[in-house]
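Participant: Numbering of the sequence shown is given in the working numbering, commencing with residue 55 and proceeding in unit increments. Note that beta-carbon positions come from the ideal geometry of N, C-alpha and C, so glycine has one too.
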Amino acid sequence: MQRYPIGRAALELTSGDIVEQDVDAIVNAANEGLAAGGGVCGAIFRAAGSADLARACRPLAPCPTGEARLTPGFRLRARHVIHAVGPVYSRRDPEGSARLLASAYRSSLALAAQHGLARVAFPSISTGIFGYPVAEAAPVALAAVRDALAGETSVTLVRFVLWGEQALAAYTQAAQGMGLVPEG
Ligand code: AR6
């Protein structure tokens, strides 16, 4: 696990399963319909209780790409789930994809701040079923988080919980590339 101070907050990069995180909110890599899907979304629905989470999501849909919605966490350790919709990666429009991906992270952290939440865990949004290359997504994700943590916010911890060592390596390299210096 790597920990980077940013203003009065911290950014952590770790590998593991986001479903198990004991934080105020875990972020779901959602779809615009806020329906149960595969990947991290399927795992979150199963662990929270699919029927409860689906019932909470229904009135909040649709959630346009780049936006986020908050629900309770039900049976999860986390009290809340922030459902963020990243883009399906477009090879023809990587800049547009990056704008929407940054917006998904920004919207998630704005929602966390609106609700006074302190500790938020993210997966690597869009880099599974939505096909965003992780090496391209990592610097976009980290820059959006760094900018949000540098502003006025209740959020004191953002933890990326990455699925596998390859994703962790991509995010660690992106953090280095941005000049973030790990603690200790
Ligand atoms: N904990 C942390 N990360 C995980 C976990 C987990 N338990 N499981 C998978 N990942 P994806 P997307 C990683 O496909 O690309 C769904 O059907 C995974 O390795 O979950 O944003 C939704 O409903 C990858 O790096 O999300 C949408 O329709 C990352 O999480 C669509 O898929 C994101 O992969 C969203 O696709």
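From Leu203 to Ala97, what does the alpha carbon distance come to, in whole angstroms?
Facilitator: Rounded to the nearest angstrom, the two C-alpha atoms are 28 Å apart.
Participant: Please classify Val235: is it buried, with 16 or more other beta-carbons within 10 angstroms of its beta-carbon, or exposed?
Facilitator: By the neighbour-count rule (16 or more Cβ atoms within 10 Å), Val235 is not buried but exposed.
Participant: Compute the distance between the beta-carbons of Gln75 and Arg131, then report whether it is under 9 Å.
Facilitator: In contact: Gln75 and Arg131 (Cβ atoms closer than 9 Å).
Participant: At what residues does the beta strand (DSSP E) containing Gln56 begin and finish?
Facilitator: Segment 56 to 60, the beta strand (DSSP E) holding Gln56.
Participant: So, do the stretch 213 to 222 and the stretch 173 to 183 have three or more beta carbon pairs nearer to each other than 8 Å?
Facilitator: Yes, the stretch 213 to 222 is in contact with the stretch 173 to 183.
Participant: Please find out if some non-hydrogen atom of the ligand PLP comes closer than 8 Å to the beta-carbon of Cys95.
Facilitator: With respect to the ligand PLP, the structure offers nothing, as its ligand set consists of the ligand AR6.
Participant: Nearest-angstrom Cα distance between Ala7 and Leu114?
Facilitator: Examination of residue 7 is not possible in this model, given that the chain is present from 55 through 238 alone.
Participant: Give me the Cβ distance between Val135 and Ala89, rounded to the nearest whole Å; I'm assuming they're in contact under 8 Å.
Facilitator: Contact flag wrong, Cβ pair sits at about 14 Å.
Participant: Can you tell me whether DSSP reads Phe99 as helix, strand or coil?
Facilitator: In the structure shown, Phe99 sits in a helix (DSSP, three-state: H, G or I).
Participant: Does the beta-carbon of Ser180, which I'm using as the reference point, lie nearer than 8 Å to any heavy atom of the ligand AR6?
Facilitator: Answer for Ser180: yes, Cβ within range of the ligand AR6.
Participant: Take Leu154 and list the residues in its own chain whose beta-carbon comes closer than 8 Å to its own, dropping the five residues that flank it on each side.
Facilitator: The answer, listed in chain order, is Thr119, Gly120, Gly140, Pro141.
Participant: In its own chain, which residues sit with a C-beta less than 7 Å from the C-beta of Ala101, not counting the 5 before and 5 after it?
Facilitator: Around Ala101: Val73, Arg129, Leu130.
Participant: Rounded to whole angstroms, what is the Cα-Cα separation between Thr181 and Pro187?
Facilitator: Straight-line Cα distance between these residues: approximately 6 Å.
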